[in-house]
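S.K.:
Chains as they are written, first to last, in this note's numbering: chain R, 1 to 703; chain Z, 1 to 502.
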């Protein structure tokens with residue numbers, strides 16, 4: 001338990017101490033943060049014995065009250081096989097990325113900010129993974145988003161050399177815009193997810209993960225009593241992972257998220273950020289599984305349908321876009337989106353039948369682990385390659401093998417793993433995903449997955465060929481002729497980090513089946529024994545060999561053309577394009593990312609701007625009416641009607657007519673009295689009147 | 001125990017104000033520090049009072065003013081009022097320190113060419129007027145008598161009028177008058193409601209208002225006072241004064257203006273929601289609809305601004321409505337969350353607004369189209385702006401996050417389709433907040449630095465007296481965000497336990 005807390009503490013201390021280190025010595029400033037990352041990785045490794053020696057202790061939980069009124073929330077750590085496995089992926093791979101940064105970021109003037117953000121990023125991700133409460137998970141989730149924002153727009157001065165996109169005549173994107181886009185797009189998911197969590201809280205009365213699992217069969221039926229509520233909550237909860245893990249329809253931010261420094265992309269794509277969505281779905285699976293299979297709520301199945309379909313569609317869509325991309329990191333970014341889609345697919349099908357629960361769950365997480373390793377390696381190597389070639393475009397590279405022999409080997413190994421060549425880990429984990437999908441008997445999903453495999457093989461071979469093989473491009477030749485410039489491997493720390501990861505890939509590949517069995521047993525224990533989720537173990541409906549045939553066939557189908565086009569250049573891509581015009585139409589369609597990005601820009605970005613540009617003048621108009629025309633109207637009314645008419649008339653009446661009338665009447669009265677005093681009868685009337693008045697006064701006095 | 005602690009908290013700033021006024025020429029530029037020291041004292045008193053209340057006993061003080069009708073200077077320090085008073089007082093303190101340099105600069109600009117004596121006269125005038133703000137806020141927070149509450153509310157309006165007319169921007173006198181009229185508009189409606197209450201129950205005491213419950217006039221009391229308070233909170237369609245007032249006043253009281261507007265949410269809870277719970281139910285849904293519209297409209301309005309000072313002004317329209325959304329949902333969690341959001345928002349707005357002020361202070365540019373890339377020359381300001389943006393958009397670890405969580409939990413706890421729809425619209429409004437906060441950060445602080453700004457040596461981070469108070473508020477907000485139990489434990493006996501018994 002202690003080590004789990006240390007996993008959270010070390011990155012935090014690292015963040016806080018970095019400014020202190022920086023003020024002491026530059027070397028300390030650089031090695032200090034990496035050392036804390038090392039300590040984090042060690043603490044994570046110390047959690048592994050739970051998995052191997054005494055898995056029955058799990059799940060373990062330790063918590064403190066965070067908020068007791070008006071809602072109960074605890075802050076704590078939950079250790080179960082899922083969190084331990086993901087913690088290790090995050091902490092260990094992050095550490096190697098940090099080592100790589102030692103070389104890559106050397107001499108950057110803002111390096112202190114970089115180190116602080118990196119450690120904060122790792123710490124937030126670990127908080128997300130280890131938290132025992134979904135609100136705390138959400139806090140980590142938001143912090144991951146903010147840190148990624150800081151790192152994606154790390155080059156906040158937007159110098160031209162850091163622009164991505166293009167090449168001319170296509171548009172470029174500035175780092176700060178990319179960071180902003182990432183933040184806002186993921187926030188769409190975040191806000192919906194928060195809504196989902198809080199609605200769920202209303203029914204469950206808790207957001208503690210284990211309590212949610214235990215009580216799910218009770219509150220899910222209550223929730224289902226309101227028609228559509230389960231589907232609404234499913235959609236809201238899935239929206240978060242869809243945003244964070246860049247799944248369709250919120251996938252558009254990730255291809256631009258590589259505008260930060262190279263290792264940041266590795267961190268975002270491999271170890272942290274985008275994996276959080278997969279992790280969160282895995283956290284939610286037991287809830288909805290109980291809902292469907294234990295409590296018999298039919299609507300709960302929609303959760304799994306949505307996840308599986310989103311995953312499959314994203315996998316296919318992103319892989320197809322990867323076929324044509326020209327920026328090295330963008331190819332890898334599409335590939336990340338696509339591979340995450342496969343993980344989502346596996347997690348989605350895990351709820352389709354009781355047989356698939358453990359298989360699908362294991363496949364998703366196993367693919368997460370293996371993908372984290374080879375994608376980290378790919379991105380780090382890409383950083384070295386881009387730095388050496390002074391270009392972000394693969395068509396401006398070529399024949400880099402002779403300049404970067406080590407990077408070629410490491411990147412090649414990782415790429416083969418991405419393609420799914422046995423016995424590398426990508427093969428095993430992809431195999432697991434495919435098996436689970438086929439067993440679910442949803443053939444459309446399976447077809448999409450196989451198409452993804454073909455595309456993946458093609459684009460991976462394509463960028464390998466264009467970067468390392470063939471003949472050197474004009475750009476490379478020009479770079480080579482520049483005096484004082486040397487195209488070659490990066491700093492030793494960079495090569496070391498890539499090498500270690502490559503070794504890791506090979507090791508995991510060799511142990512592939514064992515690792516898979518281990519994960520299978522662990523998750524079986526977690527889900528079936530500890531959580532008592534109903535599961536059965538059926539004999540596979542399809543022979544394994546069938547899936548292997550499909551998968552290897554798909555790989556060959558993708559690799560071969562790419563090999564002839566880009567590696568030994570036997571075939572010419574240009575002549576194919578000139579012969580088939582339909583192909584260039586498809587190319588444009590893919591290059592424009594199915595026009596989804598354009599549509600979003602038009603609909604949401606310009607839409608919001610349009611609305612606000614409509615609102616603002618309306619507001620000005622309203623403002624003029626209320627604050628200017630209304631007072632002026634009041635003023636005009638008061639001067640023309642009140643002052644000039646009513647008041648003047650009143651004034652004349654009171655100050656002229658009235659006194660005049662009084663004086664006129666007074667005169668008349670006096671004249672009357674004077675005149676009448678002369679005869680007796682009027683004197684009698686006068687006296688009578690006086691008497692009456694005096695009597696009345698007397699009566700009043702007496703009362 | 002300190003005698004008459006609440007009375008001291010309310011009137012010690014007045015004593016300091018008087019002191020500054022009497023010795024203005026002797027004090028000169030030290031007046032700012034004198035004002036700050038007065039507020040340090042009251043903050044200390046507030047912390048002592050808070051500890052006492054936290055341990056379970058509300059403080060009640062009473063000083064008769066008029067025998068018939070019975071008007072008493074009754075002050076009540078319970079969990080709710082103490083928490084609000086403390087945060088407001090800390091903001092006053094922070095802004096008084098921020099003002100020390102800012103006002104100096106402002107006087108140089110508005111009253112250029114004035115002699116030494118005149119300058120000191122203006123400088124001290126700012127601070128003796130400023131100190132009436134804490135008096136007003138403390139008075140409003142602690143008042144247990146409606147007439148006393150009304151008195152302090154009016155005082156705030158008048159002080160604001162003078163400060164704006166003396167130290168504001170281009171159209172300061174006109175806007176000050178406008179603000180005064182709006183302020184009196186809401187105060188008159190409030191007074192009308194208060195008089196109806198008196199006519200029905202024969203008392204001005206807030207703890208007697210519950211006798212009105214069930215009275216047919218209660219509906220009209222609530223309606224009249226609500227309209228008045230909506231004008232203060234700038235709920236659509238009574239929001240038009242806000243952009244003007246916030247744009248034209250001196251930036252150093254910006255945070256206080258946010259309090260001035262948003263404290264109406266507290267008044268609504270204190271005077272209407274808690275005593276007249278059953279009668280208030282009818283008003284819940286309309287309030288929620290209006291608030292949701294205001295949240296979205298205000299955010300869109302903010303996105304459309306190009307004037308540096310109108311940005312936070314329009315954002316206040318949107319953010320004040322958050323608290324009202326929580327209050328309108330009428331569950332214990334939503335009301336507590338709404339009030340917590342009020343406190344978090346005023347802290348956030350103080351940081352955000354004052355940072356905009358720093359940019360205007362150093363660059364003398366208000367149009368953001370002419371600004372770009374300032375982050376490299378003003379890193380601390382950029383960081384503060386980002387923190388302000390994060391605080392506004394409810395990103396942990398800042399206190400707006402737990403406030404939003406609690407508030408929306410309460411809104412969804414209504415468990416009807418209406419609540420869920422409005423709640424989701426509210427969450428989308430937060431998304432708009434994220435959009436504009438970070439959009440402006442990008443426009444102003446990121447990107448390439450224009451030549452003219454790069455060569456201007458005056459553009460750099462402002463003096464420490466301007467940044468340190470803001471950093472302190474950021475840290476305070478983070479502390480409350482990490483440990484929201486403090487505020488929630490204070491609110492609980494006043495709100496949750498009362499509502500449970502309804």
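For each residue, glycine too, the CB sits at the ideal point set by N, CA and C.
Any chance the stretch 364 to 382 of chain R sits against the stretch 296 to 308 of chain R, with 3 or more Cβ pairs inside 8 Å?
M.R.: As far as the Cβ criterion goes, the stretch 364 to 382 of chain R does not touch the stretch 296 to 308 of chain R, which means the pair count is below three.
S.K.: Using a Cβ-Cβ distance under 8 Å, would residue 187(R) count as near chain Z?
M.R.: Answer yes: the Cβ-Cβ gap between residue 187(R) and chain Z drops below 8 Å somewhere.
S.K.: Quick one: is residue 125(Z) buried, meaning 16 or more other Cβ sit within 10 Å of its Cβ, or exposed?
M.R.: Classification of residue 125(Z): buried, given that the 10 Å Cβ count is 16 or more.
S.K.: Are there 16 or more other CB atoms within 10 angstroms of the CB of residue 57(Z), so buried, or fewer, so exposed?
M.R.: It counts as exposed.
S.K.: Contact check, residue 458(R) vs residue 562(R) under 8 Å by CB: the rounded distance?
M.R.: The Cβ separation is near 5 Å, so the contact holds.
S.K.: Flag this pair as yes or no: are the beta carbons of residue 410(Z) and residue 362(Z) separated by less than 8 Å?
M.R.: Not closer than 8 Å, so no.
S.K.: Please classify residue 602(R): is it buried, with 16 or more other beta-carbons within 10 angstroms of its beta-carbon, or exposed?
M.R.: Result: exposed.
S.K.: Quick one, which residues of the stretch 429 to 445 of chain Z are near chain R if we go by CB-CB under 7 Å, in chain order?
M.R.: Of all residues in the stretch 429 to 445 of chain Z, 430, 431, 434, 435, 438, 439, 442 have a Cβ within less than 7 Å of some Cβ in chain R.
S.K.: When the cut-off is 8 Å and only beta carbons count, does residue 774(R) lie next to chain Z?
M.R.: This structure gives no information on residue 774(R), because the portion of chain R shown stretches from 1 to 703.
S.K.: Quick one: give me the first and last residue of the beta strand (DSSP E) that residue 131(Z) is part of.
M.R.: Unbroken run through residue 131(Z): none, as it is neither H nor E.
S.K.: Work out the CA separation of residue 105(R) and residue 29(R) for me, nearest whole Å.
M.R.: Using only the alpha carbons, I get a separation of about 12 Å.
S.K.: Could you check if residue 657(R) is buried or exposed, using at least 16 other CB atoms within 10 Å of its CB as the buried criterion?
M.R.: With fewer than 16 Cβ atoms within 10 Å of its Cβ, residue 657(R) is classed as exposed.
S.K.: Reducing DSSP to helix, strand and coil, say where residue 351(R) ends up.
M.R.: Residue state, collapsed to three classes: coil.
S.K.: Answer with yes or no whether the minimum CB distance from residue 198(R) to chain Z is below 8 Å.
M.R.: Yes, because at least one Cβ of chain Z sits closer than 8 Å to the Cβ of residue 198(R).
S.K.: Can you name, in chain order, every residue of its own chain whose Cβ lies under 6 Å from the Cβ of residue 303(Z), other than the five neighbours on each side?
M.R.: For residue 303(Z), where only same-chain residues beyond five positions count, the Cβ hits under 6 Å are 436.
S.K.: State whether the stretch 215 to 223 of chain R contacts the stretch 197 to 206 of chain R, with contact taken as three or more CB pairs (one from each stretch) at a distance under 8 Å.
M.R.: Touching, per the Cβ criterion.
S.K.: Would you list, in sequence order, the uninterrupted alpha helix (DSSP H) runs of no fewer than 4 residues that lie entirely inside the stretch 29 to 83 of chain R?
M.R.: Runs found: 48 to 52.
S.K.: Could you check which residue in 438(R), 230(R), 448(R) has the C-alpha nearest to that of residue 540(R)?
M.R.: Considering only alpha carbons, the answer is 438(R).
S.K.: So, using beta-carbon positions, are residue 224(Z) and residue 192(Z) closer together than 8 Å?
M.R.: Yes, the Cβ-Cβ distance between residue 224(Z) and residue 192(Z) is below 8 Å.
S.K.: Based on DSSP bridge pairs, tell me the residues matched to residue 72(Z).
M.R.: Note: residue 72(Z) sits in a beta bridge opposite 64(Z).
S.K.: Using DSSP with H/G/I as helix, E/B as strand and the rest coil, what is residue 459(Z)?
M.R.: In the structure shown, residue 459(Z) sits in coil (DSSP, three-state: anything other than H, G, I, E or B).
S.K.: For residue 74(R), tell me which candidate among 211(R), 42(R), 125(R) has the shortest Cα-Cα distance.
M.R.: When only C-alpha atoms are compared, the closest one is 211(R).
S.K.: Looking at the C-beta of residue 18(R), does it have a partner C-beta in chain Z at a distance below 8 Å?
M.R.: Cβ-Cβ to chain Z under 8 Å: no for residue 18(R).
S.K.: Could you tell me which residues DSSP pairs with residue 524(R) in its beta bridges?
M.R.: According to DSSP, residue 524(R) bridges with nothing at all.
S.K.: Whose CA, out of 571(R), 495(R), 694(R), 491(R), lies closest to the CA of residue 103(R)?
M.R.: Checking every option, the nearest Cα to that of residue 103(R) belongs to 491(R).
S.K.: Quick check on the burial criterion: 16 or more other C-beta atoms within 10 angstroms. Buried or exposed for residue 313(Z)?
M.R.: It counts as buried.
S.K.: Specify the secondary structure class of residue 601(R) as computed by DSSP and reduced to three states.
M.R.: Three-state DSSP puts residue 601(R) in a helix.
S.K.: In the DSSP output, which residue or residues are listed as bridge partners for residue 327(R)?
M.R.: Paired residue(s): 393(R).
S.K.: Would you grab the beta carbon distance between residue 264(R) and residue 395(Z) for me? Rounded to a whole angstrom, and I think it's under 8 Å.
M.R.: At roughly 20 Å, the Cβ-Cβ gap does not stay under 8 Å, so residue 264(R) and residue 395(Z) are not in contact.
S.K.: Whose Cβ in chain Z lies nearer than 8 Å to the Cβ of residue 244(R)?
M.R.: Simply none; closest approach about 14 Å.
S.K.: So which residues of chain R does residue 312(Z) contact, with C-beta pairs closer than 9 Å?
M.R.: Result: empty, since nearest Cβ-Cβ is about 15 Å, beyond 9 Å.
S.K.: Terminal residues of the continuous alpha helix (DSSP H) containing residue 564(R)?
M.R.: Unbroken run through residue 564(R): none, as it is neither H nor E.
S.K.: Verify whether the separation of the beta carbon atoms of residue 74(Z) and residue 205(Z) is less than 8 Å.
M.R.: Yes, the Cβ-Cβ distance between residue 74(Z) and residue 205(Z) is below 8 Å.
S.K.: Taking 8 Å as the limit between beta carbons, can you name the residues of its chain near residue 406(R), skipping five residues before and five after?
M.R.: Correct list, in chain order: 489, 495, 498, 499.
S.K.: On the three-state DSSP scale, how would you describe residue 696(R)?
M.R.: In this structure, residue 696(R) counts as helix in the three-state DSSP scheme.
S.K.: Taking its Cβ as the centre, do 16 or more other Cβ atoms sit within 10 Å of residue 455(Z), making it buried, or is it exposed?
M.R.: Burial call: exposed.
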